[in-house]
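Which chain is which? The protein sequence lines are A and B, in order.
Under this note's numbering, the first residue of the first sequence is numbered 1, with each subsequent residue one higher.
Under this note's numbering, the first residue of the second sequence is numbered 113, with each subsequent residue one higher.
By construction, the Cβ of each residue, glycine as well, lies at the ideal position given by its N, Cα and C atoms.
What follows is a set of notes on a single structure, which appears directly below.
Number of protein chains: 2
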Amino acid sequence: MTIKNQSPTHSLISEELVPQLADLFSMMGDTSRLRIILCCLHEPISVSHIAEQLDLSQSLVSHHLRLLKAARMVRAERRGKQVFYVAADQHVQCVIEDMAAHVSEPHGVEDD
Amino acid sequence: MTIKNQSPTHSLISEELVPQLADLFSMMGDTSRLRIILCCLHEPISVSHIAEQLDLSQSLVSHHLRLLKAARMVRAERRGKQVFYVAADQHVQCVIEDMAAHVSEPHGVEDD
DNA sequence: CAAACATATGAATATGTATTCAAGTGTTTA
DNA sequence: TAAACACTTGAATACATATTCATATGTTTG
């Protein structure tokens with residue numbers, strides 16, 4: 001999804017969506033949570049595996065996953081004792097990649 | 113930018129980018145700031161115009177714009193007494209639209 | 001059923017941050 | 001230059017929230 005047409009005053013994003021969008025963005029606004037999301041992007045991964053891979057406490061990972069699940073950004077699936085989490089859909093990945101593109105955008109010479 | 117290929121363990125997003133990305137996402141994670149960004153998306157707009165349009169105090173808008181400018185999400189341009197702000201590049205718009213697509217994604221029947 | 005394992009949860013704390021208010025800087029104009 | 005206008009900035013406050021620790025829930029296996 002790249003650039004679209006534009007409406008008169010500002011955007012095609014309806015005002016009612018703003019709180020939902022903000023909630024989702026703030027989910028990704030924490031480094032621990034963003035890393036957790038990245039872990040879940042491509043394939044289901046267990047809580048303990050995430051914790052180990054990111055060197056975070058299991059408790060912390062679980063707390064974050066609860067938020068991410070409530071925000072419908074990840075989906076949980078139980079397999080025996082373990083619970084595997086995976087990203088809910090591909091849009092999250094698109095969002096992250098677009099933002100990465102923004103980061104690597106050449107920034108002109110500004111005077112801060 | 114849509115979906116890309118995927119690397120073995122998790123993503124093609126390098127670990128060093130995570131803090132930068134998280135900072136940008138948390139910029140968009142506040143409703144006031146997200147609304148301000150939307151105001152600046154398509155054309156330069158003055159601080160007072162934003163404040164009026166969103167019914168926020170000029171001071172608050174200015175505080176937020178300072179953060180957004182520091183994060184290189186908007187660019188400032190002085191025109192006489194007024195200062196006009198505009199989104200730095202198109203990626204921000206893409207990010208928002210991708211996220212809006214996520215919101216409107218049909219969510220299966222889950223048991224929270 | 002008891003023990004071991006994996007995850008979830010609640011309370012407590014510490015840190016961050018959105019907002020307001022008052023005052024400051026910069027720009028035009030009378 | 002003084003006054004009016006547009007914006008910025010700093011301090012203060014109130015509120016949110018990331019993390020930890022201890023404990024609880026759920027699941028398999030002996």
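Close Cβ partners of arginine 33 of chain A (< 8 Å) along its chain, the five nearest in sequence each way excluded: Walking along the first sequence from the start, residue 33 of chain A turns up at place 33. Same-chain partners within the cutoff: Met27, His64, Leu67, Leu68.
Tell me which residues of the stretch 18-38 of chain A have at least one Cβ-Cβ distance to chain B shorter than 7 Å, keeping chain order. Val18, Pro19, Gln20, Leu21, Ala22, Leu24, Phe25, Ser26, Met28, Gly29, Asp30, Thr31, Leu34, Arg35, Leu38
How about leucine 54 of chain A and arginine 75 of chain A: do their beta carbons lie closer than 7 Å? As a position in the first sequence, residue 54 of chain A is number 54, starting the count at 1. As a position in the first sequence, residue 75 of chain A is number 75, starting the count at 1. The answer is no: Cβ separation not under 7 Å.
Please go through the same chain and pick out, in chain order, the residues whose beta-carbon is closer than 6 Å to the beta-carbon of serine 46 of chain A, but skip the five residues on each side of it. Indexing the first sequence from 1 puts residue 46 of chain A at position 46. Residues of the same chain with a CB within less than 6 Å of the CB of serine 46 of chain A, apart from the 5 flanking positions on each side, are Gln82, Phe84 in chain order.
First and last residue of the beta strand (DSSP E) that includes glutamate 77 of chain A? Along the first sequence, read from residue 1 onward, the residue named residue 77 of chain A stands at position 77. Taken as a continuous stretch (DSSP letters only), the beta strand (DSSP E) holding glutamate 77 of chain A covers 74-79.
Bridge partners for isoleucine 149 of chain B per DSSP, in chain order? Taking the second sequence and counting its residues from 1, the one referred to as residue 149 of chain B is at position 37. DSSP output for isoleucine 149 of chain B lists no bridge partner at all.
With a threshold of 7 Å between beta carbons, is glutamine 6 of chain A in contact with chain B? Taking the first sequence and counting its residues from 1, the one referred to as residue 6 of chain A is at position 6. Here glutamine 6 of chain A scores only 34 on pLDDT, less than 50, and its place in the model should not be relied on; the value that follows carries that caveat. True, the Cβ-Cβ gap to chain B drops below 7 Å.
Proximity test, glutamate 43 of chain A beta-carbon vs the ligand COA heavy atom, cut-off 6 Å: Ligands are entirely absent from the displayed structure, and the ligand COA is therefore not among its contents.
Chain A partners of alanine 163 of chain B, CB-CB under 8 Å? Here residue 163 of chain B refers to the residue found at position 51 of the second sequence. Going along chain A, no residue has its Cβ under 8 Å from alanine 163 of chain B, so there is no contact; the nearest lies around 14 Å.
Identify the continuous beta strand (DSSP E) that holds glutamine 82 of chain A and give its terminal residues. As a position in the first sequence, residue 82 of chain A is number 82, starting the count at 1. Note, glutamine 82 of chain A: beta strand (DSSP E), 82-87.
Alpha carbon to alpha carbon, how far is arginine 191 of chain B from isoleucine 37 of chain A? Give it in angstroms, no decimals. The residue you call residue 37 of chain A lines up with position 37 of the first sequence. The residue you call residue 191 of chain B lines up with position 79 of the second sequence. Answer to the nearest angstrom: the Cα atoms are 42 Å apart.
Using DSSP bridges, identify the partner residues of isoleucine 45 of chain A. Taking the first sequence and counting its residues from 1, the one referred to as residue 45 of chain A is at position 45. BP columns for isoleucine 45 of chain A point to A/Tyr85.
Ignore the nearest five residues each way along the sequence and tell me which others in valine 61 of chain A's own chain have a CB closer than 6 Å to its CB. Position 61 of the first sequence, counted from the start, is the residue given in the question as residue 61 of chain A. Hits under 6 Å: Val47, Ile50, Ala51.
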